[in-house]
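K.L.:
Residue numbers (the numbering used here), protein chains in the order written: chain A, 340 to 533; chain B, 11 to 261.
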Amino acid sequence: MKVVIIDYGAGNIKSVQFAFKRIGLDAALSKDSGTIQQADKLVFPGVGEASSAMKKLKESQLDLIIPKLKQPVLGICLGMQLMCNKTEEGNTKGLGIFDVSVKKFSNQLNKVPQMGWNNVFDLKSKLFSNINEQEYMYLVHSYYVEQCEYEIASTNYGVNYASALQKDNFYGVQFHPEKSSAAGEKILKNFIEL
Amino acid sequence: MLTKRIIPCLDIKNGRTVKGVNFVNLRDAGDPVVLAKQYARNGADELVFLDISATQEARKTTRDMVLKVAEQVNIPFTVGGGISSVEDVDILLKNGADKVSVNSSAIKRPDLINELANKFGSQCVVVAIDAKQLEGKWKVHLAGGSIPTNLDLFEWAREVEQRGAGEILFTSMNHDGTKNGFANEALSNLSQELRIPIIASGGAGSKQHFVDAFKKGKADAALAASVFHFGDIPIKDLKQELKNNNIEVRL
């Protein structure tokens, strides 16, 4: 099993690598298109600001490679958001894998960013095998994906929104499985077993 | 629902955990990595490591410790103490820290907050504020609470929010080490004036104190050290008590 974490210079990706190590798997970091295309499973992480992350993807031409991948791809946090059509953050055009847009939370209802542990519910994918409805996941984000046809998990923060997405081989989670205790590690295991 | 967070704080000196009572008289409470793993297993929502080492050399030890914690611990953690530049933060985040907290360096050079927020995102910038109530006014203090400034707590808190801080860690020096409860009135004012999360710190002595910090103080998270390190309050018991009081927690 070759797991590659796409390393395009956006944010702290060591945490993701360490989480795989804790479940007994050596995941490689790479931005090389050949290595990425030959991987069995890919993780597309992201922490930081959307437009600068997208710029970095373009610099390595990963914006052209990622949407064409056929193996399971797991976008995490900003990674998931960049897999959508567009995001209000920096008015950025995304990879267009998920035909949905990313909006900013209103700080009239709640503090923004949402920071901490919140429930996931309406779980609808093998990614969540043996994960309980209402399980808590760790989230840090100011932008969210609206409820849509690709939704495989929901979360409520003033509004119900899509906290996980799937379309064909592409998966996205808004929460950080690598920081979500044992339940998060279980989701990473499930991803490996897809 | 988003839960209230319980955050054990581990003061680190020369790679070991210590806890100051009223910021002096340090007591040893063990190996930080072992403690961190134990806390993660026992239901802590996050951890804060505060490096109180005096020398650059000792701070390098902390960077190695950060890497070990990131490898072994499956919950988020913040690192603070002695951070004064974008470069310092870059190293800590690369070693696997999720957030950093800045305090004195942000008071001395407030632009640091903007620089960090712009470069790494507000989500990883915690501004720690130590304040003491003197004649009814909350004054911000520097250098682990030892040097008073003219800054007003609430004015400074608003400023750090505007500059891009993602969270505020507010320690009441009047309460810290007393085990008599958190500074709930000041907390409540902060929490209602600002739109970023407020972490309550200083004064935890009983489970009821945490209930009060969330209900009366309207804090988003509560931080404590010695009551956790010495086993006075097991985190699972604390969370059960919070839940019994209709406070949303991760159990």
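Cβ atoms here follow ideal geometry from the backbone N, Cα and C, with glycine treated the same way.
(1) Tell me the DSSP bridge mates of A/Gly455?
(2) Which two residues bound the contiguous alpha helix (DSSP H) that contains A/Gln467?
(3) Go through its chain and collect everything with a Cβ distance to A/Ser493's Cβ below 8 Å, but skip five positions before and after it.
(4) Starting from A/Leu408, trace the beta strand (DSSP E) both ways and give me its first and last residue.
(5) Counting pairs of Cβ atoms below 8 Å between the stretch 139-152 of chain B and the stretch 95-104 of chain B, do you hit three or more?
(6) Between A/Tyr496, A/Leu527, A/Gln356, which lies nearest to A/Val484 when the distance is taken from Cα to Cα?
(7) Among the residues of its own chain, which have a CB less than 7 Å from the CB of A/Gly429, if the five just before and after it don't count?
(8) Give me the chain B residues within the contact set of A/Ser520, using Cβ-Cβ distance strictly less than 7 Å, ordered along the chain.
(9) Anything in the stretch 432-457 of chain A with a Cβ closer than 8 Å to a Cβ of chain B? List those residues in chain order, please.
(10) Which residues bound the beta strand (DSSP E) around B/Ala138?
(11) Comparing the C-beta of B/Pro207 with each C-beta of chain A, is any distance below 7 Å?
(12) If we ignore side chains and look at the alpha-carbon of each, how far apart do B/Met11 and A/Tyr477 end up?
(13) Are the C-beta of B/Arg26 and some C-beta of chain A separated by less than 7 Å?
(14) Taking Cβ positions only, does B/Gln133 come closer than 7 Å to chain A?
(15) Helix, strand or coil, according to DSSP, for B/Leu275 in the structure here?
(16) Mind listing, in chain order, the continuous beta strand (DSSP E) runs of no fewer than 3 residues lying wholly within the stretch 19-106 of chain B?
(17) Which residues of the stretch 170-182 of chain B have a Cβ closer than 7 Å to any Cβ of chain A? Give them in chain order.
(18) For the alpha helix (DSSP H) that A/Thr374 lies in, which residues bound it at each end?
(19) Which residue from A/Leu421, A/Phe467, A/Asn351, A/Asn471 puts its Cα closest to that of A/Lys442?
(20) Might you give, ordered along the chain, the residues of its own chain that have their beta carbon closer than 8 Å to the beta carbon of B/Asn35, omitting 5 neighbours on each side?
(21) Closest Cβ-Cβ distance between B/Thr270 and chain A: below 7 Å?
(22) Give the range of the alpha helix (DSSP H) segment to which A/Gln356 is assigned.
(23) Within the stretch 172-231 of chain B, note down every full beta strand (DSSP E) run reaching 3 residues or more, in order along the chain.
(24) Mapping DSSP to helix, strand and coil, what is B/Asp121?
(25) Which residues of chain B have a Cβ atom closer than 8 Å to the Cβ of A/Ala501, listed in chain order?
P.N.:
Walking through what the data contain:
(1) A/Leu478
(2) In the sequence as presented, Gln is not what sits at residue 467 of chain A; that position holds Phe. Element bounds for A/Phe467: n/a, residue is neither H nor E.
(3) Val459, Phe460, Asp461, Gln486, Asn499, Tyr500, Ala501, Ser502
(4) Element bounds for A/Leu408: n/a, residue is neither H nor E.
(5) no
(6) A/Tyr496
(7) Glu388, Ala389, Ser390
(8) Ala50, Asn84, Ile85
(9) Asn446, Asn449, Lys450, Val451, Pro452, Gln453, Met454, Gly455, Trp456, Asn457
(10) 135-144
(11) yes
(12) 12 Å
(13) no
(14) yes
(15) This structure does not reach residue 275 of chain B, given that chain B is present from 11 up to 261, and the question cannot be answered.
(16) 26-31, 34-38, 57-61, 87-90
(17) Gly176, Glu177
(18) 372-377
(19) A/Leu421
(20) Residue confidence is low: B/Asn35 scores 40 on pLDDT, short of 50, so the model does not pin down where it sits. No coordinate-derived value is stated.
(21) No answer is possible for residue 270 of chain B: it lies beyond the span of chain B, which begins at 11 and ends at 261.
(22) 353-361
(23) 177-182, 208-211
(24) helix
(25) Those within 8 Å of A/Ala501 in chain B number zero; the least Cβ separation is about 17 Å.
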